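Be aware that the sequence shown starts at 62, since it is given in the working numbering, and climbs by one per residue.
Where is the CB? At the ideal position from N, CA and C, for every residue including glycine.
No experiment lies behind these values; they were computed from the predicted model shown.
Working notes, structure below.
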Amino acid sequence: MTFPVIGVVGGGQLARMMAPAAVQLGFTLHVLAEGPDVSAVAAVASSTVGDYRSLEELRAFAVGVDVLTFDHEHVPGELLRALEADGVNVQPPSSALAHAQDKIVMRRAIDRLGLPNPEWDEVSSVTELCAFGDRIGWPVVLKTPRGGYDGKGVMILDSPADTSRAASWFTGGTLLAEAKVDFSRELSALVARTPSGSSRAWPVVHSIQVDGVCDEVIAPAADLPADLATTIGSAALRIADELGVTGVMAVELFQTPGTEAGFMVNELAMRPHNSGHWTMDGAVTGQFEQHLRAVLDLPLGSTATLGEVTVMKNYLGGSNVDLYSAYPVALAAEPAAKIHAYGKDVRPGRKIGHVNAVALAGESLSTVRDRAERTAAILRDGQDGPAMRKENT
Ligand code: ADP
């Protein structure tokens, strides 16, 4: 048997969704799980419960894997460098991953590449934060460079008087201050790159955030000018190339019609990403299969779309605590919707699954959105759940 073993650090839904692709292609997935019942454990060939912050446990986990990759970006860089020094095949490598782990490192790299950043600076006190705001104009956005996700670690400050709220964030380290960007919508560019340097991009998508959490994705982004889509796609591929990224990377962006480039980079994620879940049903090659191909340095799959438009709608924990009880109604209501469940207990606001809807011949965007949203609402709130869309999104 020459089929490879892929070690995935972290047992969340991203590791779980790599499993069908691994099974299909005959690869073995081995997960370093945070606990015995995290999302991926039930889906993969084998798992070990262990601490990704322990070099000893990472080393033991890496024995026998052909490549080590990730469900999240939290493994400390020094541990990854130690594994690399041991000869472990870490993909993406620590040098690339640093840009997804630290937003200040990322901002510097985007400047170096001459790509559009919001105005930004490093600040280490409320006084420096106020000076930054006074220089570039209020409001400003303050971010913890490391460890933030789903809007945690992001604070919007309206004026100097407002900055007292930020005092507790200054605990000795440097924070990232950014101009609050006046964007028309948020976009995401998803690409994959192999260690040999081949790469492919999926179409640029519109990602709709609610309270800092990805809520819905429209793929491709409606009415995005073709030249802007091309520029953004090329920028994402260039970032992947120049930073030596391998596997899937998402570049989160702001569309800024008033600026010269028409967009700005928000942040980088180096793993399959929520804004790429639509590819599971809406593209020839889904992001999870592509990630496995990429980290194994195999030829990448086609990123062509399977419908005019695909909509992905997340469902978070809501009033329905028994997810499966809603399946008969949801499946009957929308036979063309594709439900994905992460095997997680329902807790309010927790990401527990998503729904994909791919346009059937001739269907409009609003029909496809309604299908995804209605299905997600039934799952979230039970069979009486409302499916009202906020019109401003
Ligand atoms: P996280 O790491 O939690 O995903 P982000 O940096 O992506 O954090 O910020 C979360 C959300 O906050 C973004 O999706 C966007 O809506 C908003 N945001 C972040 N930075 C800015 C900014 N400079 N200007 C305006 N809004 C921002």
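Buried or exposed by the 16-neighbour rule on C-beta atoms within 10 Å, applied to residue i
i, result
"K374", "buried"
"V124", "exposed"
"D276", "buried"
"T366", "buried"
"V265", "buried"
"G96", "exposed"
"R196", "exposed"
"E139", "exposed"
"D147", "exposed"
"Q162", "buried"
"T188", "exposed"
"L304", "buried"
"E117", "exposed"
"P333", "buried"
"P179", "buried"
"Y403", "buried"
"P360", "exposed"
"A397", "exposed"
"L421", "exposed"
"G87", "exposed"
"S100", "buried"
"L392", "exposed"
For residue i, the nearest candidate out of the options (CA to CA)
i, options, result
"G368", "V187, H334, S425 and P360", "S425"
"V345", "T371, A227 and E117", "T371"
"P409", "A422, Y376 and H401", "Y376"
"I269", "G233, T224, I279 and V102", "I279"
"F122", "E134, H91, T307 and A330", "H91"
"S115", "L144, A103 and I400", "L144"
"V201", "L86, I217, V187 and G209", "I217"
"D406", "Q74, V70 and A94", "Q74"
"T224", "D132, L203, N178 and V149", "L203"
"D442", "N381, K399, R435 and R411", "N381"
"V184", "A227, R435 and R246", "A227"
"G212", "V271, R332 and W339", "V271"
"S259", "T292, R354 and A330", "R354"
"G233", "H267, S186 and R142", "S186"
"D243", "R254, G319 and V309", "G319"
"P389", "R411, K164 and I439", "I439"
"A222", "A250, L190, S249 and G214", "L190"
"G208", "P256, G198 and H133", "H133"
"A262", "G337, T428, R246 and Y210", "G337"
"L384", "S363, I413 and L357", "I413"
CB-CB length for residue i against residue j, believed under 8 Å
i, j, result
"V128", "P65", "7 Å"
"V166", "A159", "5 Å"
"T205", "W230", "7 Å"
"V70", "Y113", "5 Å"
"A437", "V419", "Going by Cβ atoms, the distance from A437 to V419 rounds to 15 Å, so no, they are not a contact pair."
"A290", "M310", "Wrong, their Cβ atoms sit about 17 Å apart, outside the cutoff."
"G68", "V102", "At roughly 14 Å, the Cβ-Cβ gap does not stay under 8 Å, so G68 and V102 are not in contact."
"T255", "A157", "At roughly 13 Å, the Cβ-Cβ gap does not stay under 8 Å, so T255 and A157 are not in contact."
"E395", "R435", "6 Å"
Check: Quick one: complete alpha helix (DSSP H) runs, 4+ long, within the segment 216 to 284?
Finding: none
Notebook entry, point to check: Counting only runs that start and end within the segment 334 to 417, where is the beta strand (DSSP E) found for 3 or more residues in a row?
Noted result: 371 to 377 and 398 to 402
Note to self: So, does the segment 307 to 327 touch the segment 290 to 299, judging by three or more C-beta pairs under 8 Å?
What the structure shows: yes
Check: Does the count of Cβ pairs from the segment 272 to 285 and the segment 318 to 328 closer than 8 Å reach three?
Finding: no
Next item on the list: Count the CB pairs spanning the segment 343 to 351 and the segment 77 to 86 that are closer than 8 Å, and state whether there are at least three.
Entry: yes
Notebook entry, point to check: So, do the segment 237 to 254 and the segment 182 to 194 have three or more beta carbon pairs nearer to each other than 8 Å?
Noted result: yes
Notebook entry, point to check: Any contact of the segment 170 to 178 with the segment 107 to 116, i.e. 3+ C-beta pairs under 8 Å?
Noted result: At 8 Å Cβ cutoff, the stretches do not touch.
Checklist line | Residue ranges of each beta strand (DSSP E) within the segment 126 to 201, 3 or longer | finding: 128 to 131 and 181 to 184
Margin query: As an exercise, report each continuous alpha helix (DSSP H) stretch of at least 4 residues that is fully enclosed by the segment 66 to 133, in chain order.
Written below: Within the segment 66 to 133, the runs of alpha helix (DSSP H) at least 4 residues long that lie entirely inside it are, in chain order, 74 to 86 and 116 to 123.
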